[in-house]
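Heads up: take any position in the sequence shown, counting from 1, add 235, and you land on the numbering used here.
Reviewing the structure listed below.
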Amino acid sequence: MSAPVCVKCGGPVTADEIAVTKRLINRGTTDYYCVPCLAAYFDVRPEAIRGRIVHYRAMGCTLFAPEEEETADQ
Ligand SMILES: [Zn+2]
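Shown next as structure tokens:
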């Protein structure tokens, strides 16, 4: 199976980006967006999309795999 890509920019999408696309757009969608393109789609800042990923994971959403690596954003 081929690696999923963003339908807008064609760049690779991560599992988190797939999951947040499903949460924000449609659970059954197969059109995935990377974070910058999701932000453009909803006319918000990328930080807002990343915040949703953190939020949904914290809620225990099953679409989001538990992440071990931490991003050390300030
Ligand atoms: Zn994109």
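Here a beta-carbon is modelled for each residue, glycine too, at the ideal position from N, C-alpha and C.
Source: prediction; values computed, not measured.
Taking just the CA atoms, how far does residue j sit from residue i?
{"i": "V279", "j": "N261", "result": "18 Å"}
{"i": "D266", "j": "M294", "result": "24 Å"}
{"i": "L298", "j": "A254", "result": "5 Å"}
{"i": "Q309", "j": "A238", "result": "Below a pLDDT of 50, predicted positions are generally treated as unreliable, and Q309, at 49, falls in that range; no measurement from the model is reported."}
{"i": "G246", "j": "R292", "result": "23 Å"}
{"i": "T264", "j": "L273", "result": "14 Å"}
{"i": "L259", "j": "V242", "result": "15 Å"}
{"i": "V289", "j": "P271", "result": "16 Å"}
{"i": "F277", "j": "G286", "result": "14 Å"}
Classify residue i as helix, strand or coil using the three-state DSSP reduction.
{"i": "C244", "result": "coil"}
{"i": "Y268", "result": "coil"}
{"i": "Q309", "result": "Summary for Q309: the model assigns pLDDT 49, below 50, so the residue's position carries little reliability; its value from the coordinates is reported in the next sentence. Coil."}
{"i": "F299", "result": "coil"}
{"i": "I260", "result": "coil"}
{"i": "A238", "result": "coil"}
Taking 8 Å as the threshold (C-beta atoms), are residue j and residue i in contact?
{"i": "T268", "j": "T249", "result": "The sequence shown places Tyr at residue 268, rather than the Thr named in the question. Cβ atoms of Y268 and T249: not closer than 8 Å."}
Give the range of the alpha helix (DSSP H) segment to which residue i is assigned.
{"i": "V279", "result": "Here V279 belongs to no alpha helix (DSSP H), and DSSP marks it neither H nor E."}
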